[in-house]
Every structure is written in structure tokens, then in C-alpha cells.
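Read the structure below first, then the notes.
Protein chains: 2
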Amino acid sequence: MRPNIVLFGDSITEESFASGGWGASLANTYSRKADVLGRGYDGYNTRWALFLLHHLFPLDSSSKPPVATTIFFGANDAALLGGFRERHHVPLDEYKDNLRKIVAHLKECSPTMLIVLITPPPIDEERRLEYARATYGEEAMKLLDRTNENAGVYAKGCVEVGGELGIPSINIWSKMQETDGWQKKYLSDGLHLTAQGNAVVFEQVVRVFKEAWLHPEEMPYDFPHHSEIDGNNPHKAFQPLVSFPKFNNI
Amino acid sequence: MRPNIVLFGDSITEESFASGGWGASLANTYSRKADVLGRGYDGYNTRWALFLLHHLFPLDSSSKPPVATTIFFGANDAALLGGFRERHHVPLDEYKDNLRKIVAHLKECSPTMLIVLITPPPIDEERRLEYARATYGEEAMKLLDRTNENAGVYAKGCVEVGGELGIPSINIWSKMQETDGWQKKYLSDGLHLTAQGNAVVFEQVVRVFKEAWLHPEEMPYDFPHHSEIDGNNPHKAFQPLVSFPKFNNI
């Protein structure tokens, strides 16, 4: 009965229901109005994401398409060639083209779907080096996986695709860097988000959803608010719902 | 593709995706394995919950039933007659009978569904009086809405129904009171849960899910983990999924 909002992306989406996560905050904001489903895949780039499209968003009528989908890839695509995450690298042009394919598929799935692109977040290189050393030893020091500059190139590419296709995009790479101390404030390991970083993503997604048409305050409750229920005659509040043969047998 | 876990209950379920909430924690724990859907209705008692059953859990084959459902009512049913929440009161025998009806409906919906009953939490009466005074003025002081003793009577009734029907129950009323200072540690307004209170519910639900068969570590990922994907030949990892005519056109 409720519409679905799908969050499609990499680990930053997969982790979005952890404490303070932006996915959980969205689910809370749209509580009783929409279901928020996490479709985040740790380590995935846009090339691998394409393999999931027909499974997650089937084109047949077997399942209702989401009313809104966020597409939040790029952090892995932007991994450096030669770095310890090079297996995840996707060239910029292919990244942009993959985003176009994902959007085209979603539009085919539902022409009315609200589609929002989110750029990769900025990178705290200092912390990435610490993380690499702790995880992979001294060897990894020479093989920095990501730079902030390169993440910015992919963020720019993502925003360009949004403009080209006429769909909203959130430049989280730029947005986060507007705040002093963003490196430690918003990023836990130089890449993934702290609770404060999650709050930034959450605020931006809700802002864009509202600017489009997905305004939580304006969406109907799935069932009557308790204040509308007459304790002595509860049937009345639920009368409009009575359309099931077995309903009156309860 | 993923199974659904449904959380059916009152405001304590509706709020469960707020920061530190037990619903969000469950969604995080079952990430990439099951979708956790909140079906919490602020102020609802079991009498009003019955009106939702056929909508939330239809008996026709139009939607796949959840693999697991938590039933977390009683906090409103146990509201005192004569208190400022008496509109929500449901007598104990009817509460127990309504729980039986809900369970019977879910079993009809799916005989294999894992059904878990959760009792109402304990009540911090001191805080409830403060809350009543702040919200309703001095008048409300004479009209305490809930007592811990009465919540305990409903908790006992809930556990009895679980035993009678052979389904697991979580006595959160007892469990929370095992810890010194439970009043302020676990309850924010004498009734609803703090982050620590949410953590207790989360731990108990996961424990019971695991003791049954819904063990997150043993459930398969919906798609390959990134470490299983060969960067040079990603098709291979996704080969078992190729069953869609359009799949190779991407």
C-alpha cells in the first residue's frame, strides 16, 4: 500500500541504517508514509551495479516500481589505478555512461519515478593512508587508493549527467567541504561517513525530495491517526478501508 | 527477492527507525539479506490493530508474506480506565484474545512465518506524572495514564498467550527491570524508549530470531560480495543471475 523509496548505491548506502545513518533517518521521516529500502552494495562500482538493474528494478509488472530512487555511486569508480583498490576503478567516461544507463533503466521502469543522483563524498587522504597502513601494512603506503581531487572529478561528472538528463543531483563532495574540519567531522576513515556526515546526506536528500514533490508532511498516513479514532466506535474511522470480504469476521 | 521482516506495533515500533532505534538496528543487521519494514501505529491498541490485519497481511497471493513478524502491543491496551489515556484502554482478556487473533491471522497468511510477541515495556510512573503535568497541566496529575504494575499484568498476559500458542515471546517488562536505574536508562518519558532501551529490544529480538532460525550470518547475500567479483571478468560472478532476456543488452 505504501510507496517504496529505494536507496541504490555502494557501502555508503549499505551502511545507511547503522546508528545515525541517513537511510534510517529517511525511514523515520517517511514513517507511515513510505518504506525506505536499502539497496547498497559494499565495494560496488557502476559497472557492477548494471548487473543488478533488472533484478532490483524489473520491467515487468510483477512488482510496483519505487516512487523515488537515489543513485549514490562513484566512491569506488574513482578508486585510483595503481592503488590498493584499483580492482574497483571505472574510467570517468564509463562511470558517466553507466549512470546514464541506470537512469534510463529507472525511467523505463517508471516514467514518474523521482530519481536523484548523489556524487561521491570527499576524501581525507591523510586518514586513507592511516587506514591503508593499519590494514595492509607499510606496503600500502605507496598505494593510496583514492584522492580527493579524483573524487571531485567524478563528482563533477555525476552532476553533469544530472544536468544533461534533467534530474536533480546532490554534490555531496562540494557540500561537505564547505564546512571547516570536514575531514574528521564527516568522514570516519577518510571515505565513509560519521553520524554527522550521515546527517548532511540525510538533509540534502530530504531537501531535494521536498523540492521535487515527495514532501513527507503532505503525504497521507497509511491508516487513521489515533486521534481520529472514536474509542466507542472505532469502526467508523476504518470504514473507508472496509473492502475485504473477511473484514467483518474479525 | 529479499524476504521481509515486519515490525507490527504501536508508537514504540513506529519510532524504531529514529536514531539508535531497534528497527533501524535490525535493518542494519539484516542488511543485504532481508528488508525490515516498520508497521508501527502511534497510540494503537490491539483492538484497533485488528482493523489493519487484512491490509497489512493480505491472505490472497498478491504479495509475499513476511518471513518474520514482531507483534509489540500492550502499552496502550494497559492504559488505565480513568486516566488521561483511557480512550486507548483494552481490557486484559480482550487484549489476550486480540493477540490470539493477530497470531491466527499471521499463521493463516503463512504457516512458516516466525512470529514473536513482545510485551509492553515497564512504566516509570514518576516520569509519567511529570509528562502529564507538562502536557496537560495540573488537572492531569490526578489522572495517571499508566502504572508499572498494570503494564506487568499485560506483559504476563502476553507471555501466557505466547506459551499457549507455542510461539516465542520477549518479556521486555521483566528484562528491563533487571537493570538498576532502568527508569531513566531505558525510558525517555516513562514509557517510550531511549537509545539504550532500544538497544535492549534490539538485542532481545535478534536473540529470539537467531534461536528460531533467522540467523543473519547464515542467510545468503542477495548478490555477490565484491570480493567474489573478478574485476576483469565481472560477468562470471553474476552468471547465475542471468535469466532475464534483456540482461545481455545492458
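Going down the list, the protein sequences come from chains L and H.
Each residue of the first sequence is one higher than the last, beginning at -4 in the numbering used here.
Each residue of the second sequence is one higher than the last, beginning at -4 in the numbering used here.
Every residue gets a Cβ at the ideal spot worked out from N, C-alpha and C, and that includes glycine.
**Reduced DSSP secondary structure (H/G/I, E/B, other) of F12(H)** = helix
**Cα-Cα separation, N93(H) to A74(L)** = Computed Cα separation, rounded: 56 Å.
**Item:** Whole-number beta carbon distance between L139(L) and E121(L), since they are thought to touch under 8 Å
**Value:** Rounded, the Cβ-Cβ distance is 10 Å, inconsistent with contact.
**Message:** Please report the distance separating the alpha-carbon of F52(L) from that of L101(L).
**Reply:** 7 Å
**Prompt:** Which one or two residues does DSSP pair with G33(H) in a beta bridge?
**Reply:** Paired residue(s): L2(H).
**Asked** What separation, rounded to the nearest whole angstrom, lies between the Cα atoms of L112(H) and E173(H)?
**Response** 20 Å
**Message:** By the DSSP assignment, the beta strand (DSSP E) with T64(H) in it spans what residues?
**Reply:** A63 to F67
**Request:** Look at the alpha carbon of V1(H) and the alpha carbon of T24(H), and state the distance between them as a whole number of angstroms.
**Result:** 14 Å
**Asked** Since R141(H) contacts R123(H) with CB under 8 Å, what's their CB separation in whole angstroms?
**Response** 6 Å
**Message:** Quick check on the DSSP output: the beta strand (DSSP E) that includes I110(L) runs from which residue to which?
**Reply:** L109 to I113
**Asked** So A70(L) packs on P115(L), CB below 8 Å; how close in whole Å?
**Response** In this structure, A70(L) and P115(L) form a Cβ contact; the two beta carbons are roughly 4 Å apart against a cut-off of 8 Å.
**Asked** So what's S164(H) in DSSP terms, helix, strand or just coil?
**Response** The DSSP-derived three-state label of S164(H) is strand.
**Message:** Below 8 Å, how does it come out for the segment 26 to 33 of chain H and the segment 203 to 220 of chain H: are there three or more Cβ pairs, yes or no?
**Reply:** yes
**CA-to-CA distance, T189(H) to E9(H), given in whole angstroms** = Cα to Cα, the separation comes out at about 14 Å.
**Asked** Given that a residue counts as buried once 16 or more other Cβ atoms are within 10 Å of its Cβ, and exposed if not, what is N243(L)?
**Response** In this prediction, N243(L) scores a pLDDT of 39, lower than 50, which makes its location untrustworthy; the coordinate-derived value is nonetheless stated afterwards. Exposed, by the Cβ-count rule.
**Asked** With A146(L) and I118(L) assumed to form a contact (beta carbons below 8 Å), what rounded beta-carbon distance in angstroms separates them?
**Response** Taking C-beta atoms under 8 Å as the contact rule, A146(L) and I118(L) qualify, at a distance of about 5 Å.
**Item:** Span separating the alpha-carbon of V62(H) from that of W177(L)
**Value:** 42 Å
**Request:** Anything in the segment 201 to 231 of chain H with a Cβ closer than 7 Å to a Cβ of chain L? List those residues in chain order, please.
**Result:** F218, H221, I224, G226 and P229
**Message:** Any beta carbon of chain H sitting closer than 7 Å to that of L47(L)?
**Reply:** yes
**Request:** Give the secondary structure of L138(H) by DSSP, where H, G and I count as helix, E and B as strand, and everything else as coil.
**Result:** coil
**Request:** Output yes if chain L places a C-beta closer than 7 Å to the C-beta of D37(H); else output no.
**Result:** yes
**Item:** Cβ distance (whole Å) where W17(H) is taken to contact V154(H) below 8 Å
**Value:** Not confirmed; about 19 Å, so no contact.
**Request:** Note down the Cα distance separating T41(L) from D225(H), rounded to an integer number of angstroms.
**Result:** 15 Å
**Message:** Which residue wins for smallest C-alpha separation from K60(H), given the options A150(H), S105(H) and G78(H)?
**Reply:** It is Pro, not Lys, that sits at residue 60(H) in the sequence shown. Nearest option by C-alpha distance: S105(H).
**Request:** With DSSP collapsed to three states, give me the class of R128(L).
**Result:** helix
**Option in S57(L), E125(L), H84(L) and A207(L) with minimal Cα separation from Y149(L)** = Answer by Cα proximity: H84(L).
**Message:** Buried or exposed for H230(L), going by 16 or more other Cβ atoms inside 10 Å?
**Reply:** exposed
**Prompt:** How should K241(H) be labelled, buried or exposed, when 16 other C-beta atoms within 10 angstroms of its C-beta is the threshold for buried?
**Reply:** Low confidence applies here, because K241(H) scores a pLDDT of 41, under 50, leaving its location unreliable; read the following figure in that light. Exposed, by the Cβ-count rule.
**Request:** Mind checking the segment 162 to 183 of chain L against chain H and listing, in chain order, the residues whose C-beta falls within less than 8 Å of any C-beta there?
**Result:** Taking a C-beta cut-off of 8 Å against chain H, none of the residues of the segment 162 to 183 of chain L qualify.
**Prompt:** Whose C-alpha, out of L21(L), A22(L) and K96(L), is nearest the C-alpha of L48(L)?
**Reply:** K96(L)
**Request:** Compute the Euclidean distance between the alpha carbons of F68(L) and D5(L), then round it to the nearest angstrom.
**Result:** 6 Å
**Request:** Establish whether the CB of S26(H) and some CB of chain L are separated by less than 7 Å.
**Result:** yes
**Prompt:** Hey, how far is the Cα of G192(H) from the Cα of L32(H)?
**Reply:** 20 Å
**Message:** Could you compute how far the alpha carbon of S238(L) sits from the alpha carbon of S169(L)?
**Reply:** Any reading at S238(L) needs caution, since the residue's pLDDT is 47, under 50, leaving its predicted position unreliable; the model's value is listed next. Their backbone Cα atoms lie some 51 Å apart in a straight line.
**Item:** Proximal residues to D184(H) (C-beta, below 7 Å), its chain only, five neighbours per side dropped
**Value:** R122 and Y126
**Asked** By the 10 Å Cβ neighbour count, where 16 or more other Cβ atoms means buried, how is A99(H) classified, buried or exposed?
**Response** exposed
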